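A.B. asks:
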Amino acid sequence: MLNRRPLHGSFAIRLLVAATLANGGVNPWTKDRLVDARYVPGILAVMSTAGLYDGTGEWLFYVGLPGKSGVGGGIIAVVPGVMGIAAFSPPLDAAGNSVRAQKAVRHISEKLDLNLFSSYTSTKR
Numbered sequence: 124m125l126n127r128r129p130l131h132g133s134f135a136i137r138l139l140v141a142a143t144l145a146n147g148g149v150n151p152w153t154k155d156r157l158v159d160a161r162y163v164p165g166i167l168a169v170m171s172t173a174g175l176y177d178g179t180g181e182w183l184f185y186v187g188l189p190g191k192s193g194v195g196g197g198i199i200a201v202v203p204g205v206m207g208i209a210a211f212s213p214p215l216d217a218a219g220n221s222v223r224a225q226k227a228v229r230h231i232s233e234k235l236d237l238n239l240f241s242s243y244t245s246t247k248r
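The sequence shown lines up with residues 124 to 248 when you count with this note's numbering.
Given below as structure tokens:
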């Protein structure tokens, strides 16, 4: 069965959520507070420990960012205080996460040296 949800709307919402969490709960475009700041650390902690189902550990090791996937093929990642990232592409892996979206976010994380667990001796830091 085809997913009938509009892609542009769903993707924009994913990006808004990621960017808002990265901005401490404040929508970076409207400046409206959408999430109480005291909840943001807990949300990011849950995303870090369970956001990609059975693939969370591998995600955290290779990407190093709080992330959350959806069964429709979307993934968001949060770089606290910096930016939100959203990617979308079916198909899903065995854990229910988009194969291509994971690769895209991992690529961004590697190229921009965003992995929170990467070596502190990196020349980019």
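By construction, the Cβ of each residue, glycine as well, lies at the ideal position given by its N, Cα and C atoms. Since the structure is predicted, the reported quantities are computational estimates derived from the model, not experimental observations.
Strictly by DSSP, which residues pair up with Ala200?
C.D. replies: Looking at the DSSP assignment, Ala200 forms a beta bridge with Gly190 and Ile208.
A.B. asks: Residues bridged to Ser221 by DSSP?
C.D. replies: Answer is Leu215, bridged to Ser221.
A.B. asks: Taking the alpha-carbon of Trp182 as reference, which of Ser133, Leu235 and Ala227 has the nearest alpha-carbon?
C.D. replies: Ranking the options by Cα distance to Trp182, first place goes to Ala227.
A.B. asks: In whole angstroms, what separates the C-alpha of Ser171 from that of Arg223?
C.D. replies: Near 19 Å, if we compare the C-alpha coordinates of Arg223 and Ser171.
A.B. asks: Please state whether the Cβ-Cβ distance between Gly174 and Gly190 is less than 7 Å.
C.D. replies: Contact flag set, yes.
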